[in-house]
Structure formats: structure tokens, C-alpha cells
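The opening residue of the sequence shown carries number 1 in the UniProt record's numbering; numbering runs sequentially from there.
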Amino acid sequence: MASRYPSFPIVLEAVRECVQDVFDVPGLVDLMRDVQARRIRVVEVETKTPSPFAKSLLFGYVAQFLYEGDSPLAERRAAALALDPVLLGELLGRDEGTALRDLLDPEVVAATETELQRTTEERLARDRDDVADLLRWLGPLTTEAVTERTRPDVRDRVPAWLESLVSDRQVVAVRVAGRDGFALVDDAARLRDALGVSLPMGVPAVFLEPVDDPLGDLLARYARTHGPFDEPAVAAELGLGRAVVHAGLQRLVGAGRLVAGELRPLSLGGGRESVEYADAEVLRVLKRRSLASLRAEVEPVPARDLARFLPAWQGWAPGSAGSTVCCAPSSSSPGWRCRPAVWSRWCCPRGSRAIARRCSTS
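Rendered as C-alpha cells:
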């Protein structure tokens, strides 16, 4: 963004500070001129230890990669998700979404999809107005799909609500992709122009006016209400050919409304080297929630939890599998005491001197 205003005072000062105060570019230019004029001779020297300048660079490189394999996987994934989207795209490959499927939390993706589809308990429809809002948010739905997104105690009233909405001309009965369903009257022109849906008689003329991009509107709504998806899924949902869907999705990607790449986790049906699409805002939500989940996995635990974990992990807890008893010489741990029953069960038959000698070495 700042590159559009190269002469802005703050930009000029930032550039001057970088190339003069930090990197000393003028000094480098003078040095190169002296080398070119043979006033300075370049000699290769192999030293036993790095120079002060090389030592800082070498230490930074070693510190970054030496213990990289020891860090938890969740911590490494969280660090990658925390990167700037452009930098993350350069790191992962082709674009921002290239390998996000390896970073996004599958549980977060599944939970977010459930929320977007209005199937969570708190988002279920409660009355007639909520049913109309479902059709506005999700687009055309069958009676079964509406019932699935309605509270169990009022599901038997869904057919009556739909008939009432049709009578009031808020909803129209349509057939999309070979399925009979209902759509909000506001979508009449989009469904007609994009999908060739036959509209019933009596639709007000104001809702029949052509819209600028009917197919783009339907594809964008599908993306807003789903997680990462592929072309066959949206083509089957709308009853369109793959070529038509591909062209429409690419147009939305070019406009910045969708993101394309390897987005869907493999455990949720994503395929290696396959291209999925996601709404840009939905993808931001998935990244933000996945980052929060990963940070929660690596955050420090209270000392009480650590104290409960260590004995069980080391086999010291009563009843734990493979529990053992460790003995140490009294000289090294004056406060330790062993019960006679413990000694008789765990000590080897070579006598107390052998036990003391072995404990003193391990």
C-alpha cells in the first residue's frame, strides 16, 4: 500500500533509515568502488572461529533450525498460521491457500461448517420468520432440509409455515437440480437467469428484474454458507455443468471474493493436489479459529496438572501400568525412606552392598 506513495515523508524516512542507518548502503557502495579500483584487496581467509559478523548470522540460522524438530507440531502449525497471508503464500508455494489443509484444524472446519449451515442447536429455526431467514441465508431448500434446520419440538409445523409463506408471496416453490423445494421470492430472477428455473405464476414484477451477475451471486452465497468446497460439489448443488461452475468460480477468485488452493483437510474429504475454493471471510474465520485452537494446545498448564501428569507418565502413580520403585542411597537423599516391604519386593538378592553400589551410579 505504501508503495503507491514513494515521496511521502514517512516512507522516505523509513527507506533512509533502512538503507543508511541499518544497512549502511553508502558505505557498501564506497567499499565496492575501492575493491574495483584495487585500493582494497580481497583475500580468502579460513579461520578457526567465525568472524563477529558471520557469527551472528550463523547463530541465528542454527538457533532457528537446530531445534525445529523438537517443537510440538501444534506450535509449528500455529506459527505458520500466524504469518501474514502474503508471506504464508510465498512460504507454502503457489498461493495463499496452497497447503492450508495441513494447517487448518479439521474439528474447527467441521464445526464452522455446521454453524454456516444453521444445523447447530442455537441456530435452529423456531418459527415462521426464522424459516424465511433460512431461505434468505442458504438459498433454495427442500422441505426435508428446512425441517432438519428447525427445532425438534416444532418440526411438524414446517409444512404449514412454508405454505403460509407461499400464500403471502414471500416464498416461491421451485425445482433446482431435480429437487423440489422453496426459495425466497427475492431470488426469483437469479434462479431464472442463472439456472433456468421455471417460476410460478403471480411473482411480482419487481422480483423479475434482471440482476447484474446472477450466477456469481449464487456461487458467492454457496461459498459464504460452506467451508472449503470443490467444483463437483457446487455443480451438483446447483445442477450446472463443471465448465460453467469453473468459469464462475475463477471470476470470483479474480475479484478477490474467493480463495482457491488446497484448503480442505484430508480427513474431511480433501484430496491431494485437488483445488478447493472458500469464501475469503470464511477462510479468515477458519484460520483465526484454528490458530486459537493450536495455541490452546501448546499453552502452559498449571503446576497442579503437571504434578498429576508426571507420576503417571513415569510409572510412579499407584495402579499405573508398569509402575516401578526407584531407590537412592541415603547419602544423596537424606530425606528419602523406603519401607521394608518395598525393599523385600524390589531389591535384588545380591545384598544391600550391591544395591547401594548400583543406586550410587544410577
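Ideal placement from N, C-alpha and C gives every residue a C-beta, glycine not left out.
CB-CB length for residue i against residue j, believed under 8 Å
| i | j | result |
| --- | --- | --- |
| L268 | V109 | 6 Å |
| V171 | V185 | 6 Å |
| A177 | A236 | 7 Å |
| A189 | V211 | 6 Å |
| L100 | E262 | 7 Å |
| T143 | V158 | 7 Å |
| L258 | A243 | In fact, because the Cβ distance is near 17 Å, the residues do not count as touching under 8 Å. |
| R175 | P204 | Incorrect: roughly 20 Å between the Cβ atoms, too far for contact. |
| P200 | A173 | 6 Å |
| T225 | L138 | 5 Å |
| A194 | L215 | 4 Å |
Span of the alpha helix (DSSP H) around residue i
| i | result |
| --- | --- |
| D279 | Where D279 is concerned, there is no enclosing alpha helix (DSSP H), although the beta strand (DSSP E) it sits in stretches over E276 to D279. |
| I10 | P9 to R16 |
| P228 | That residue, P228, is in no alpha helix (DSSP H); it is neither H nor E in DSSP. |
| P159 | V158 to S167 |
| M32 | V25 to Q36 |
| L138 | R128 to L138 |
| T143 | T143 to E148 |
| P106 | P106 to L116 |
| residue 374 | Nothing about residue 374 can be read from this structure; the chain reaches only from 1 to 362. |
Straight-line gap, residue i to residue j (C-alpha atoms, nearest Å)
| i | j | result |
| --- | --- | --- |
| D105 | R118 | 20 Å |
| E163 | D305 | 57 Å |
| V282 | L135 | 19 Å |
| W316 | R284 | 45 Å |
| T47 | F53 | 13 Å |
| G202 | L208 | 11 Å |
| R128 | T147 | 12 Å |
| V42 | M32 | 11 Å |
| Q314 | V301 | 18 Å |
| G227 | V234 | 12 Å |
| E115 | T150 | 14 Å |
| V35 | R251 | 54 Å |
| F8 | D30 | 28 Å |
| P6 | R16 | 12 Å |
| K55 | A37 | 29 Å |
| E122 | D133 | 15 Å |
| residue 367 | L294 | Given that the chain is displayed from residue 1 to residue 362, the structure contains no residue 367 and the question cannot be resolved. |
| L310 | E107 | 28 Å |
| V11 | C18 | 11 Å |
| T98 | R264 | Any reading at T98 must be qualified, since the residue scores a pLDDT of 45, below 50, and its modelled position is unreliable; the value itself is stated next. Roughly 10 Å between the two C-alpha positions. |
| R4 | A255 | 20 Å |
| D217 | V275 | 21 Å |
| S323 | R308 | Model confidence at S323 stands at a pLDDT of 47, short of 50, so the residue's coordinates are unreliable; what they give is reported in the following sentence. Looking at the two C-alpha atoms, the distance is approximately 15 Å. |
| D187 | T120 | 25 Å |
| A260 | A145 | 28 Å |
| S51 | P26 | 22 Å |
| R126 | D156 | 12 Å |
| L91 | V206 | Bear in mind that a pLDDT of 49 at L91, under 50, signals an unreliable position, so the number given afterwards is only what the model happens to contain. So the two alpha carbons sit approximately 50 Å from each other. |
| E44 | D24 | 23 Å |
| E13 | T49 | 37 Å |
| E299 | G181 | 48 Å |
| G241 | L266 | 25 Å |
| V22 | A303 | 44 Å |
Option in the options with minimal Cα separation from residue i
| i | options | result |
| --- | --- | --- |
| R221 | P232, A205, L249 and V197 | L249 |
| R289 | A111, V25, E144 and Y5 | A111 |
| R179 | F309, P140 and V43 | P140 |
| V253 | A243, L219 and G270 | L219 |
| V131 | W161, L195 and V275 | W161 |
| D213 | R192, R224, T225 and D156 | R192 |
| V245 | P232, R126, R257 and A255 | P232 |
| G270 | F182, L28, E113 and D230 | D230 |
| L103 | L286, A312, R308 and G196 | L286 |
| I40 | L28, D187 and S51 | L28 |
| G239 | V25, A223, A260 and V197 | V197 |
| A223 | G181, F23 and E113 | E113 |
Where the beta strand (DSSP E) through residue i begins and ends
| i | result |
| --- | --- |
| V174 | V171 to V176 |
| R179 | R179 to L184 |
C-beta neighbour in chain C for residue i, strict 9 Å
| i | result |
| --- | --- |
| Q117 | In the structure shown, chain C does not exist; there is a single protein chain. |
Can you give, in chain order, each stretch of the alpha helix (DSSP H) that sits fully within the stretch 246-318 and has at least 4 residues? 280-298 and 303-313
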